[in-house]
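In our numbering, the protein residues as written are 1 to 143.
A short write-up of the structure that comes next.
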Amino acid sequence: MIVPKGLPYSIVNQALGKKAISKMLNTCYRILGLKPTVIFADQIMYTGFAYAARSGASVGIDDMVIPEKKHEIISEAEAEVAEIQEQFQSGLVTAGERYNKVIDIWAAANDRVSKAMMDNLQTETVINRDGQEEKQVPSTAST
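Below, the structure is given as structure tokens:
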């Protein structure tokens, strides 16, 4: 049994999104204490893993499409790094400043490429029942 004894059924008997689970764990902690709450949270996590594994969802290498903007993003980052290097050679920035700026530039470029890749993963071209291709966008159920 996942739900610890002593936790009212009315708290669990509802649709459980992020906020509801957080509220449920808070109530469990206030009623039953730390140890039962930690065990309960672990059981919720394991149950989530079990159902996620059963769902059949998988990510394959074919899903990891290189974003079209990747080369543009990298070129922009390289240009920015070259500009920082020129400033360093001219004495306008110190070695430490150059290092920090270069790290920031590449971190931002990485974030932009990652976002573009995730945006590509969110849509998929499928054949509908009429035999036509259409973009399929996942529903965004956030609670």
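All C-beta atoms, glycine included, are put in the ideal place defined by N, C-alpha and C.
Bear in mind the structure is a predicted one, so any value in this text is a computation, not a measurement.
Neighbourhood of residue i by C-beta, 6 Å cutoff - its chain only, sequence neighbours within 5 removed
i, result
"A116", "P67 and K69"
"R98", "I84 and F88"
9 Å Cβ cutoff met for residue i and residue j
i, j, result
"T123", "E133", "no"
"I2", "I31", "no"
"T37", "Y29", "yes"
"V113", "I84", "no"
For residue i, three-class secondary structure by DSSP
i, result
"V137", "coil"
"T125", "strand"
"L34", "helix"
"Q14", "coil"
"V59", "coil"
"K69", "coil"
"Q87", "helix"
Sequence-distant residues of the same chain with beta carbon closer than 8 Å to residue i, five excluded per side
i, result
"D63", "L121"
Anticipated Cβ contact below 8 Å, residue i with residue j, distance rounded
i, j, result
"I73", "A109", "5 Å"
"M24", "I11", "5 Å"
"V81", "Q87", "With a Cβ gap of about 11 Å, V81 and Q87 do not count as contacting."
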